[in-house]
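Residue numbers (the numbering used here), protein chains in the order written: chain R, 1 to 159; chain B, 160 to 487. We put the beta carbon where it would ideally sit given N, CA and C, even for glycine.
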């Protein structure tokens, strides 16, 4: 298939309107996917991460967290990588995305806590995509992944 | 000497630096170019015949070379097989690109004029097809209102570019004819001959895709030089052909062989009209919420984006549109 499109570079967040740098040095990822402040994304990818082939281009809301299975054969008990789940506000497409190095951990935690109230239909849709949204009982796992150790965090408010 | 004589009209078949080979009545005349053609005379009114014939200004013309292959020209013959081109007759069509010359002004380079068919040539592999480049050729051909026949050469190669069939299908669905050929085995050559018959066609494509090999397969007597693709740097070609030349075909028609083109910019195409040059998008132009002002990027209610989402337009072609639009 065709070569990937070049990175779009720095952008203005469609949700919180902050200018976001796409520098690899800050994010630690090749394709800056979402705003590190509000974690909202934009529906740009179609077939694969970074292909930038989607014509939808609508904002994508962070709706929860999931775990991507790790391939570390030397550390089989490792849970894998914590990922953000985004839902397109227009076409309702779901995508999972890596958490970047400079993503605000407080906001990630708030997204996680807000996902406890997700509607049953959203969970069913996630299941169609093969995505398992982390629930309240996974708090310890999420906290360990985000902060390196278990930290008890009160319920946060995303507004 | 009467330069208005119809006998002094010929077609430019070959050009090298400062020399133009003009064919007329079965003869070849080696012509130079009159200095008058390098200049554009500016008259006081739009119609220079309506008033006294007085030149107001003299401008240098905005072309790299005023004469293109395929041009019908009027010439003055010196008698020893040489001549001088004094007038270029009006063109029916032209395929142009911005000349890749460094400098502040961008000049138009007419690759071929009076052509009837454009043949973008790509290889099934080695070198890997650049579909974005194909989209550029297609847009240029659409802008010149020239029909296109996409040719995929080197079918004989065992390893083909992954996804080749799917890509070909995208263009066939739009309505572009695609011909799969092999200059080595002769597969598809008869169909290609039928398509070229009686037309002036021009082959464009990257270096190393086998344009000259195709020419040799079409008409073995031509004996054009061919080389293998270099293996050193990403299988890029070696620029076998270094000048433009038109070849008369025994079965009728003529074919212009061009040197490999790695970059192909769009000439004289406005950003607002670009969507019209993608045939699959034309039905949706003007249907957007913002009408003709829509850039088809992030505007709400864009009919073209909706069509891409509904799979009526290929996302790859839409991406090509966005890439080309960003250059205009």
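Quick check: the region 267–274 of chain B against the region 225–240 of chain B, are there 3 or more CB pairs under 8 Å?
Short answer: they touch.
Selection of the region 448–473 of chain B by Cβ proximity to chain R, strictly under 7 Å:
So the close ones are 457, 464, 467 and 468.
Counting Cβ pairs, one atom from each stretch, are 3 or more of them under 8 Å apart for the region 430–439 of chain B and the region 303–310 of chain B?
As far as the Cβ criterion goes, the region 430–439 of chain B does not touch the region 303–310 of chain B, which means the pair count is below three.
Going along the chain, which residues of the region 172–194 of chain B sit with their C-beta nearer than 9 Å to a C-beta in chain R?
Listed in sequence order: no entries.
For the pair the region 237–246 of chain B and the region 278–294 of chain B, tell me if three or more CB-CB distances fall below 8 Å.
Result no; under three Cβ-Cβ pairs closer than 8 Å.
Could you tell me which uninterrupted alpha helix (DSSP H) segments, each at least 4 residues in length, are contained entirely in the region 283–356 of chain B, listed from first to last along the chain?
Within the region 283–356 of chain B, the runs of alpha helix (DSSP H) that reach at least 4 residues and sit entirely inside it are, in chain order, 290–302, 323–333 and 348–355.
Exposed or buried, residue 31 of chain R, counting other C-beta atoms within 10 Å across all chains shown (16 or more means buried)?
The sequence position of residue 31 of chain R within the first chain is 31, counting from 1. Classification for residue 31 of chain R: buried.
If you draw a straight line from the C-alpha of residue 297 of chain B to the C-alpha of residue 475 of chain B, how long is it?
On the second chain, residue 297 of chain B is found 138 positions in, with the first residue counted as 1. On the second chain, residue 475 of chain B is found 316 positions in, with the first residue counted as 1. Residue 297 of chain B and residue 475 of chain B have their C-alpha atoms spaced approximately 14 Å apart.
For a quick check, are the C-beta atoms of residue 363 of chain B and residue 279 of chain B less than 7 Å apart?
Reading the second chain from its first residue, position 204 is the one you call residue 363 of chain B. Reading the second chain from its first residue, position 120 is the one you call residue 279 of chain B. Closer than 7 Å, so yes.
Contact list for residue 477 of chain B against chain A, beta-carbon separation under 7 Å:
Among the protein chains in the structure shown, which are R and B, there is no chain A.
What are the residues of the region 35–46 of chain R that lie near chain B, defined by any Cβ-Cβ distance shorter than 8 Å?
So the close ones are 46.
For residue 126 of chain R, go through chain B and note every residue whose CB falls closer than 9 Å to its CB, in chain order.
Within the first chain, numbered from 1, the residue matching residue 126 of chain R stands at position 126. Going along chain B, no residue has its Cβ under 9 Å from residue 126 of chain R, so there is no contact; the nearest lies around 21 Å.
Using the C-alpha atoms, what's the distance from residue 142 of chain R back to residue 477 of chain B?
In the second chain, the residue the question calls residue 477 of chain B occupies position 318. In the first chain, the residue the question calls residue 142 of chain R occupies position 142. Our two residues, residue 477 of chain B and residue 142 of chain R, have alpha carbons roughly 39 Å apart in a direct line.
Tell me the rounded alpha-carbon separation between residue 381 of chain B and residue 375 of chain B.
Here residue 381 of chain B refers to the residue found at position 222 of the second chain. Here residue 375 of chain B refers to the residue found at position 216 of the second chain. In this structure, the alpha-carbon of residue 381 of chain B lies about 6 Å from that of residue 375 of chain B.
Using a Cβ-Cβ cut-off of 6 Å (strictly less than) and excluding sequence neighbours within five positions of residue 225 of chain B, which residues of its own chain qualify?
Here residue 225 of chain B refers to the residue found at position 66 of the second chain. If we look at residue 225 of chain B and ignore the five residues flanking it on each side, its Cβ neighbours are 196.
Please work out which residues of its chain come closer than 6 Å, Cβ to Cβ, to residue 347 of chain B, disregarding the five sequence neighbours upstream and downstream, and give them in chain order.
Residue mapping note: residue 347 of chain B aligns to position 188 of the second chain, counting from 1. Result list for residue 347 of chain B: 338, 339 and 340, in chain order.
Chain B contacts from the region 85–110 of chain R (Cβ-Cβ distance under 7 Å):
The residues in question are 91.
DSSP on residue 457 of chain B, reduced to helix/strand/coil?
Position 298 of the second chain, counted from the first residue, corresponds to residue 457 of chain B. Looking at residue 457 of chain B - three-state DSSP - the assignment turns out to be coil, as it is neither helix nor strand.
From which residue to which residue does the alpha helix (DSSP H) around residue 146 of chain R run?
To locate residue 146 of chain R, count along the first chain from 1; it is residue 146. That run of the alpha helix (DSSP H) goes 139–147.
In the DSSP assignment, the alpha helix (DSSP H) including residue 464 of chain B goes from what residue to what residue?
As a working mapping, residue 464 of chain B is identified with position 305 in the second chain. Unbroken alpha helix (DSSP H) run through residue 464 of chain B: 462–468.
Helix, strand or coil for residue 17 of chain R, going by three-state DSSP, please let me know.
Taking the first chain and counting its residues from 1, one reaches residue 17 of chain R at position 17. Here residue 17 of chain R sits in coil by DSSP.
Which whole runs of the beta strand (DSSP E) in the region 60–139 of chain R are 3 residues long or more, in chain order?
Counting only runs of 3 or more residues that sit fully inside the region 60–139 of chain R, the beta strand (DSSP E) segments are 81–88 and 94–98, in chain order.
Quick check: residue 432 of chain B and residue 416 of chain B, are their CB atoms within less than 7 Å of each other?
In the second chain, counting from the first residue as 1, residue 432 of chain B sits at position 273. In the second chain, counting from the first residue as 1, residue 416 of chain B sits at position 257. No, they are not a contact pair.
Quick one, which of B:356, B:327 and B:418 has its alpha-carbon nearest residue 372 of chain B's?
Working through the second chain from its first residue, we reach residue 372 of chain B at position 213. Comparing Cα positions, the closest option is B:418.
How close, in whole Å, do the beta carbons of residue 351 of chain B and residue 412 of chain B come, if the pair is a contact with beta carbons under 8 Å?
Reading the second chain from its first residue, position 192 is the one you call residue 351 of chain B. Reading the second chain from its first residue, position 253 is the one you call residue 412 of chain B. In this structure residue 351 of chain B does not touch residue 412 of chain B by the C-beta definition: roughly 11 Å separates them, more than the 8 Å allowed.
Is residue 268 of chain B helix, strand or coil by DSSP?
Your numbering for residue 268 of chain B matches position 109 in the second chain. If DSSP states are grouped into helix, strand and coil, residue 268 of chain B belongs with the strands.
Pairwise C-alpha distance: residue 254 of chain B and residue 300 of chain B:
For the purposes of this step, residue 300 of chain B is taken as residue 141 along the second chain, with counting starting at 1. For the purposes of this step, residue 254 of chain B is taken as residue 95 along the second chain, with counting starting at 1. Rounded to whole angstroms, residue 300 of chain B to residue 254 of chain B spans 7 Å at the Cα level.
When the Cα atoms are used, what is the spatial distance from residue 429 of chain B to residue 487 of chain B?
Counted from its first residue, the second chain places residue 429 of chain B at position 270. Counted from its first residue, the second chain places residue 487 of chain B at position 328. The C-alpha of residue 487 of chain B is placed about 7 Å away from the C-alpha of residue 429 of chain B.
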